[in-house]
Every structure is written in C-alpha cells, then in structure tokens.
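**Q** Take a look at the following structure, please.
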Amino acid sequence: MANVKKKLCVKPEWCKGCGICVAFCPKQTLKLVKQKITIADPDSCIACGMCEMRCPDYAIWLEKEAE
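Residues in the sequence shown are numbered from 23 upward in steps of one, following the working numbering.
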C-alpha cells in the first residue's frame, strides 16, 4: 500500500481556545492566536492525529490530500 499524504485542516470558528491540541502536538505545529487555533508551522506536522483525537470541538482534523 502506498503512503497516504494527509494535510492538517482547521476551522477556527469552531475552536473555543482550550489549547488541548497545542499541548498534545509533539512537533509544536499549532498555536493559539487570539484564543483560536492556527497552524504555526505546517511543514513540521507529522500527521500523527493527536490534535484531531483530542479536540472536543472537532475544529482540527487530518484530510487526505489529492494525488
């Protein structure tokens, strides 16, 4: 099976600024700006899914990239 490339997506309007995703990100890819999640360093994301798994508001997720 080929590796599936995934892209980190966020929906800031769903984010309540709890910071859980930031705390669990092993690569410090995310940060809160004005109490909303932003992708600070997209190239550092390893698509581990820790943020998606922990977000109580479904404001961040991994999506398959088009080939």
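No residue lacks a Cβ here, since even glycine has one placed at the ideal position from N, Cα and C. As the structure is a computational prediction, the values presented were derived from the model and not from experiment.
#1: The beta strand (DSSP E) spanning residue 42 covers which residue range?
#2: How far does the alpha helix (DSSP H) with residue 73 in it extend, from its first residue to its last?
#3: In the DSSP output, what is residue 86 paired with across the bridge?
#4: Short of 8 Å in beta carbon distance, which residues of its chain neighbour residue 31, apart from the five on each side in sequence? Order them along the chain.
#5: So residue 27 packs on residue 74, CB below 8 Å; how close in whole Å?
**A** Inspection of the coordinates gives the following:
#1: It is not in any beta strand (DSSP E) - residue 42 instead sits in the alpha helix (DSSP H) that spans 42-46.
#2: Boundaries of the alpha helix (DSSP H) harbouring residue 73: 72-76, taken from the DSSP string.
#3: Beta-bridge analysis with DSSP links residue 86 to 28.
#4: Only 82, 83, 84 and 85 meet the Cβ criterion.
#5: Between residue 27 and residue 74 a beta carbon distance of about 16 Å is seen, past the 8 Å cut, so the two are scored as non-contacting.
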